Amino acid sequence: MSIAIQANNLVKKYGEVVALDGLCLEVEQGTVFGLLGPNGAGKTTTVRVLTTLLNPDSGTAIVDGVDVLKDPVHAREIMGLSGQNASVDENLTGIENLIMLGRLFRLPKKEAVIRANDLLERFNLNDAAKRIVKTYSGGMRRRLDLAASLIAKPNILFLDEPTTGLDPRSRLMMWEVIQNLVNEGTTVLLTTQYLEEADQLAKKIAVIDKGKVIAQGSADELKTQVGGERIEVVVSLRQSQAAAQALQSMSSGKVVVEGDHVQVPVSGGGVKVVEAVRALDIAKIEIKEIQLRRPTLDDVFLSLTGHHAEEIKVEEDIAPKKGRR
Amino acid sequence: MNPRSITEQYASKHGKIYWLLHDSSVIAWRNLLRFKRNPEVLFFDVVQPIIFILLFAYVFGGAIDVGDSSYRSFLIPGIFVQTIAFAGASAAIGLNADMTSGIIDRFKSLPMNTTGVLLGQNFADLVRSVITLFIMSLTGFAIGWRISGGFTNAVIGYLLLLAFGFSMAWIGSTIGLSVSSPQVASTAGFAWLFPLTFLSNAFVPTETLPTWLRFFAEWNPITSIVAAARYLFGYPMQVAPDAPFSLQHPILTTVIWLVVINVIFMPLAAKKFRKATSR
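Quick mapping for you: the protein sequence lines, in order, are chains A and B. This note's numbering puts the first residue of the first sequence at 1367, with every later residue one more than the last. This note's numbering puts the first residue of the second sequence at 13, with every later residue one more than the last.
Below is the structure:
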């Protein structure tokens, strides 16, 4: 196994706000690595440092054997980046964008044209090739942006929230594209706010919070930590503690009570709902609502940090915004 | 070892200067494509110069007395200069739009020399100036303006006008890189040009101005280049023997002005650009 991306002790501060707080990560060659975290956790800052767009206050970053901080120009030659806001020229057509970027990636003119046409076909954009990007849908823009990052056939690809804001169909399409790239041997580091997405694509996931990796492992390993699915029951406020007690024995982790909501981590799916209904019936507790759901990012956070993902969003939202300016 | 990307294969084939010029020309090509699609730009480049020439020639033509020569011959070089000066505003708006949109992040993540974004903008504006000058000359020709100073002088005249536009674009670049949004860039890019172009000899002889304005007008670079253009196109103005140096030697004064502007604003724009794109 060889390491394609290595970040060591990255620190970046904006005044009082710590965007990166000694972040470390290692990405195995030819795999997808998912950086999972809420808004403001430091995902975009990490990607910006690794792609030479931002200098950290301290730490090191090596991508495919190239020191990103010491030799940024060389680093830019060997990696592709597709950012959160599709950064293509809105006033050019799809093909003009790709030719322009191909030329800036140092491709000779002929090769840039051939490569542009190949990529448009591959990303299902050939019908729109001669339309101005302004008229593209969000999904089309993202695909064009991703195509742009692949022009030089880089071994390493960084994708910053590649599916945020996309409709479910475009999201599936994007997943398929990423999967195909990895099958061809590309190493991908992607950031996401969706556990499901990291689960689908990534071999290894790092959960980050406040600029630090707080948990790392395969999707399964993380889920075991979080406790797989959960049953959420709504009862009357008065009976919520009693309900928690009644359900504790069937739970695979700690039962959490928040007001009239009772959350029970379980493994086993639908059968467990029947079990829960029985247990509550025996305890003579009236059920207002009951549902089985898969763990969300918020659950991961709740179980790893003891606080909700949303709270952090408010506190730390400033950091990456500053970085983007 | 296999190359890690296509770029890695090609990047080492040429030196830094080659790639800077290469990147600048790619960006210039891209900016020209953008201009082509922008009706506002088309208006500024094509329609406005025609309107200006016709408007001034027919509306003010009879009302303003400029001595021996006809007002049209007097006026056309003035309009050339004013219109070319607006290249400065174009650079301000174009660069600011690039810096405030996501595209600059894309450029920064590329192995390109990002200074090409700055140079490319100014090269593209230079091409626009050529088109604008051509259209204005044709319009002038249609209403009776003739070049009568000889071929060589006319070529020097046009080159001087283009060099002037290029210099104004560097001032515009500095403005565009100093303000926060394209709207502000648009206002700031144009605001200084109106007093500058009108407080000159472009439309009226400076002798008609009150003394304090007259001093400003006589040393205004716009006045020098307008006087130089009039001379080179064959309609020299009568210059009083006690007129200041700038009017006695308009071509030399223009060249000095252009050098001064470029020496100040090229590095300034480059510095602002580097600051704006640094990590």
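Glycine included, every Cβ here is placed at the ideal spot set by N, Cα and C. Source: prediction; values computed, not measured.
- Ranking A:1516, A:1667, A:1431, A:1536 by CA distance to the CA of residue 1369 of chain A puts A:1431 first.
- Judged by DSSP in its simplified three-state form, residue 1462 of chain A adopts helix.
- If you ignore the 5 residues before and after residue 169 of chain B, its C-beta comes within less than 6 Å of the C-beta of 241, 244, 245, all in its own chain and listed in chain order.
- Against residue 1507 of chain A, chain B offers no close residue; the least beta-carbon distance is about 10 Å (beta-carbon pairs closer than 9 Å).
- Contact between the region 210 to 218 of chain B and the region 189 to 198 of chain B is not established, with fewer than three Cβ pairs separated by less than 8 Å.
- In the DSSP assignment, residue 34 of chain B falls outside any beta strand (DSSP E) and within the unbroken alpha helix (DSSP H) covering 28 to 49.
- Residue 1388 of chain A places its beta carbon less than 9 Å from that of residue 1377 of chain A.
- Check the Cα spacing between residue 1648 of chain A and each of A:1613, A:1636, A:1505, A:1626: the tightest is with A:1613.
- Using a Cβ-Cβ cut-off of 7 Å, residue 124 of chain B is close to 1470 of chain A, given in chain order.
- The closest CA to that of residue 41 of chain B, considering only A:1424, A:1596, A:1375, A:1463, is found on A:1463.
- Judged by pairs of C-beta atoms under 8 Å, the region 1501 to 1515 of chain A does not touch the region 1432 to 1440 of chain A, as fewer than three such pairs exist.
- Residue 87 of chain B sits in a helix when the DSSP states are folded into three classes.
- As the crow flies, the alpha-carbon of residue 1665 of chain A is around 12 Å from that of residue 1404 of chain A.
- C-alpha of residue 187 of chain B to C-alpha of residue 204 of chain B: approximately 11 Å in a straight line.
- Proximity to residue 1448 of chain A across A:1407, A:1461, A:1529 peaks at A:1529, based on C-alpha coordinates.
- Around the C-beta of residue 51 of chain B, fewer than 16 other C-beta atoms lie within 10 Å, and the residue is accordingly described as exposed.
- At least one C-beta of chain A is nearer than 9 Å to the C-beta of residue 114 of chain B.
- Judged by their CB atoms, residue 1523 of chain A and residue 1446 of chain A are nearer to each other than the 9 Å cut-off.
- Under the Cβ criterion of 9 Å, residue 42 of chain B is counted among the residues facing chain A.
- Residue pairing by DSSP leaves residue 1456 of chain A without any beta bridge partner.
- Residue 284 of chain B is positioned such that its CB atom lies closer than 9 Å to that of residue 185 of chain B.
- Counted as a single uninterrupted DSSP element, the stretch harbouring residue 1627 of chain A is not any alpha helix (DSSP H) but the beta strand (DSSP E) occupying residues 1627 to 1632.
- Nearest C-alpha to residue 148 of chain B among B:15, B:128, B:91, B:199: B:91.
- Note that the region 1619 to 1638 of chain A touches the region 1588 to 1606 of chain A; at least 3 beta-carbon pairs, one per stretch, sit closer than 8 Å.
- Excluding the 5 residues flanking it on each side, residue 61 of chain B has same chain C-beta neighbours closer than 6 Å at 95, 144, 147, 148, in chain order.
- Rounded to whole angstroms, residue 1624 of chain A and residue 1483 of chain A show a C-alpha spacing of 55 Å.
- Among the CB atoms of chain B, one or more fall inside 9 Å of the CB of residue 1520 of chain A.
- Within the same chain, 174 come within 8 Å of residue 142 of chain B by CB-CB distance, once the 5 residues on both sides are set aside.
- Spanning the alpha carbons of residue 1419 of chain A and residue 21 of chain B requires a straight line of approximately 23 Å.
- Within chain B, 16, 17, 19, 20 have C-beta atoms less than 8 Å from the C-beta of residue 1444 of chain A, given in sequence order.
- Residue pairing of residue 1445 of chain A in beta bridges, as defined by DSSP: A:1522.
- Listed along the chain, the chain B residues whose CB falls inside 7 Å of the CB of residue 1417 of chain A are 121.
- The shortest CA-to-CA distance from residue 1474 of chain A to any of B:237, B:274, B:18, B:269 is the one to B:18.
- Distance from the CA of residue 1526 of chain A to the CA of residue 34 of chain B, rounded to the nearest whole angstrom, comes to 29 Å.
- With its beta carbon at least 9 Å from every one in chain A, residue 137 of chain B lies outside the interface.
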